[in-house]
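Report on the following structure.
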Amino acid sequence: MENDKLSKIVSLCKRRGFIFPGSEIYGGLSSVWDYGPLGARLKKRIKDVWWDTYVEGRDDIVALDSSIIMQEGVFKASGHLEGFSDWLVDCPGCKKRFRVDKLEKKNGHEYNCPECGETIDTDKNKPRQFNLMLKTNMSATEDEPYYAYLRPETAQGIFVNFINVLNTTNKKLPLGIAQIGKAFRNEVTTGSFVFRMKEFEQMEIEYFVNPNEATSCYKTWVQERFNFYVDRIGLCKGSLRLREHEKTELAHYAKACTDIEFKFPFGWSELEGIANRGDFDLSEHARVSKKDLMYFDSEKKEKFTPYVIEPSAGVDRTFFAVISDAYCEEEVQGKTRVVLKIKPELAPYRVAVLPLLKNRPELVELAKNIFCDIKKRIPAIYNDTGAIGKLYRRQDEIGTPFCVTVDVESLNDGCVTVRERDSMRQERVTKERVLDFIEKNS
Ligand code: ATP
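Every number in my numbering is 618 more than the matching position in the sequence shown, counting from 1.
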């Protein structure tokens, strides 16, 4: 059933224009996806909500937009060139390649192949290490390569700009630097839709604090980010859980880490990680770049390397979680109604304006006028390409919270029918009141 849900979501995303396979007309590109007209809108809304909450909404967080391509030195210091790798193993049965840490253990060094069920014995099929960094050549000539790297996380752009930001903003600690942007990882495991991509987008905050405040600050961020998914993104509390990493699981530099997990159609998996990274990043960049990256607290007259708390969220995984949580099938008059119950604020369109009859020019004109008025205030779409039942079904499937239908009666009484997506309740309101009605009921 749950696998069934995954294939239904993938098919809906393709059919309605949320997500397409990357480079599709050339046969696709493994683990690369493109966002279509509706997907691009929903994705942007997710980023806007995050940005408004943290960049616009708080005085202790500033924005950054650093470059994707970065110098080799950055990743020597961060440890990515040496240690950013997965252990991979080939299944002797289906020959597919898997991450050892994601396999279900049978006993000792034996694992079950998730694809064909064959036993994978890591004593016989030795796992191999595989670096996830994507490398590019920036040289003007072929014979003298100059290698640079596509960042595997937006975080490094923040660390290398820490002093620039401090010097130009006159901000004091605690200070967060927030960034939304693309990151690249040459992930090998495939088949989990936009959960694991080679090119994906992150929303990260590096929150710099006095080391004494790091532990309590970390706990506050874990709660803050959990609440964000419920209150601002509209995910069900029951679809989310916190999982604190065991000491043995922590990256060597991390003091603590908690994952916010979401119940994806294939099971509980990480949606976001919140880590107390200690002073590892700034110290290492200071050591390798030989620049002073310490902070001077002018009140306490002390100099120290700040600790950093990192709430690191994935835009694509949030997108997937939103669609997955919102996807519903309901039986209505003997037919299955597919509806995406997305939070109105995130829906690609907040309202659709639909004329009941498209062969009545005065009706179409009125509908278009109403549409133009609404569109000035909220995201709206006009559609007259089918019978009303079909148009409603389409809007349900793309998560539009309200449909405004203009009928013959509207020409006489100036009223329209507003239909609410989830309850399917219909109400007559005057055309002047439509916007207020929608805003009040969203
Ligand atoms: P996983 O264990 O699932 O590979 P991770 O622990 O490597 O994830 P982080 O490095 O903590 O992930 O990255 C922070 C966030 O960025 C993740 O929680 C996720 O939302 C997102 N993210 C990471 N890798 C990918 C990817 N390949 N595709 C899509 N989103 C990703």
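Here a beta-carbon is modelled for each residue, glycine too, at the ideal position from N, C-alpha and C.
Remember, predicted model here, so these are calculated numbers, not experimental data.
Report, in whole angstroms, the separation of the C-beta atoms of residue i and residue j, which I expect to be a contact under 8 Å.
| i | j | result |
| --- | --- | --- |
| S810 | F884 | 6 Å |
| V673 | R850 | That pair is no contact at about 14 Å. |
| E1015 | L958 | 6 Å |
| I627 | Y967 | About 19 Å separates the two Cβ atoms, so there is no contact after all. |
| S857 | D934 | Not confirmed; about 17 Å, so no contact. |
| I927 | W839 | 5 Å |
| P829 | F922 | 7 Å |
| V969 | T1018 | 7 Å |
| S649 | M815 | 5 Å |
| A1005 | V971 | That belief does not hold up - the Cβ atoms of A1005 and V971 are roughly 16 Å apart, past 8 Å. |
| D899 | F777 | 5 Å |
| D652 | G640 | 5 Å |
Should residue i go down as buried or exposed, given a rule of 16 or more other Cβ atoms within 10 Å for buried?
| i | result |
| --- | --- |
| L853 | buried |
| Y1010 | buried |
| P770 | buried |
| I941 | buried |
| Y644 | exposed |
| K661 | buried |
| R1039 | buried |
| S930 | buried |
| D719 | exposed |
| I687 | exposed |
| E817 | buried |
| T1023 | buried |
| M756 | exposed |
| A985 | buried |
| A574 | Absent from the model: residue 574. The displayed extent of the chain is 619 to 1060, so no value can be given. |
| K1049 | buried |
| T936 | buried |
| Y764 | exposed |
| S916 | exposed |
| N1001 | buried |
| L768 | buried |
| Q1013 | buried |
| D670 | exposed |
| T772 | buried |
| P979 | exposed |
| V827 | buried |
Tell me, which residues are paired with residue i by DSSP?
| i | result |
| --- | --- |
| R746 | L706 |
| L793 | F826 |
| Y729 | K723 and I738 |
| P929 | I892 |
| D877 | R861 and G891 |
| M821 | I798 and A931 |
| M688 | Y767 |
| A658 | Bridge partners of A658: none, in fact. |
| E949 | T954 |
| D652 | F638 |
| A970 | I999 and C1021 |
| R850 | Its beta-bridge partners do not exist; DSSP assigns none. |
| F922 | Y913 |
| T754 | A766 |
| F716 | V707 |
| E1038 | F1020 |
| V680 | I795 |
| T1048 | C1033 |
| G885 | F882 |
Say whether chain B places a C-beta atom closer than 7 Å to the C-beta of residue i.
| i | result |
| --- | --- |
| F989 | In the structure shown, chain B does not exist; there is a single protein chain. |
Are there three or more Cβ pairs, one per stretch, closer than 8 Å when the region 794 to 801 is compared with the region 816 to 828?
yes
At least three beta-carbon pairs within less than 8 Å, the region 773 to 790 to the region 725 to 736:
no
Take every Cβ of the region 990 to 1009, pair it with every Cβ of the region 946 to 955, and state whether three or more of those distances are shorter than 8 Å.
no
Tell me whether the region 891 to 901 and the region 873 to 880 touch, counting them as touching only if at least three CB pairs, one residue from each stretch, are closer than 8 Å.
yes
So, does the region 650 to 660 touch the region 625 to 636, judging by three or more C-beta pairs under 8 Å?
yes
Mind the definition here: the region 864 to 874 touches the region 740 to 748 only if three or more C-beta pairs lie below 8 Å; say whether that holds.
no
Quick check: the region 684 to 696 against the region 705 to 719, are at least 3 beta-carbon pairs closer than 8 Å?
no
Counting pairs of Cβ atoms below 8 Å between the region 800 to 807 and the region 747 to 758, do you hit three or more?
yes
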